[in-house]
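Q: Pasting a structure here, questions to come.
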Amino acid sequence: MGHAVIHIYPEAPPKPALGDACNGCGLCCLSEPCPIGMLVSRRRHGACDALRWSDESSRYVCGMLLAPGEVLGWRPQGWLDRHLAPWLARRSRRWIAAGIGCDADLQAEPAAERSKD
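The sequence shown lines up with residues 12 to 128 when you count with our numbering.
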């Protein structure tokens, strides 16, 4: 991938080791979308549109797991919210390989401070 600047919440947890459980660092989804993220973001590079920051848990979460209707731009409707949204959330969990472990072979470094000359 080369070098890229990714803006990330400073409160986000550090990236786990490859294969360790996901901790919501967001590095993978901020650098490029997964297959389901490509569909909802309509792009193959850059941050995923489905990624959400959780103030309560100070971590990133996939919006397709929590609120797929919101990510897809659905207006709140009873049937979609009760039936299709939970179905999509279950499928998304499988499509993003949730619970498999970190598969982002990326390194995060803090940005160099700008000199104030």
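Each residue gets a CB set at the ideal place from its N, CA and C atoms; glycine is no exception.
If we ignore side chains and look at the alpha-carbon of each, how far apart do A78 and R101 end up?
A: Near 11 angstroms, if we compare the C-alpha coordinates of R101 and A78.
Q: Roughly how far, in whole angstroms, is the beta-carbon of S52 from the beta-carbon of C59, given that I think they are within contact range, below 8 angstroms?
A: About 5 angstroms separates the two Cβ atoms, so the contact holds.
Q: Would you mind reading off the limits of the alpha helix (DSSP H) that contains R104?
A: Here the alpha helix (DSSP H) through R104 covers 96 to 106.
Q: Might you give, ordered along the chain, the residues of its own chain that have their beta carbon closer than 6 angstroms to the beta carbon of G48, omitting 5 neighbours on each side?
A: So the list reads C59, A61, once near-sequence residues are dropped.
Q: Indicate whether M75 and S103 have their beta-carbon atoms separated by less than 8 angstroms.
A: Yes, these two residues count as a Cβ contact at 8 angstroms.
Q: Taking the straight line between their C-alpha atoms, what separation do you get for P44 and H14?
A: For P44 and H14, the distance between alpha carbons rounds to 17 angstroms.
Q: Residues in its own chain within less than 7 angstroms of A119 by CB, not counting five upstream and five downstream?
A: For A119, where only same-chain residues beyond five positions count, the Cβ hits under 7 angstroms are K26, L38.
Q: Which residues bound the beta strand (DSSP E) around C59?
A: Premise fails: C59 is in no beta strand (DSSP E) and is neither H nor E.
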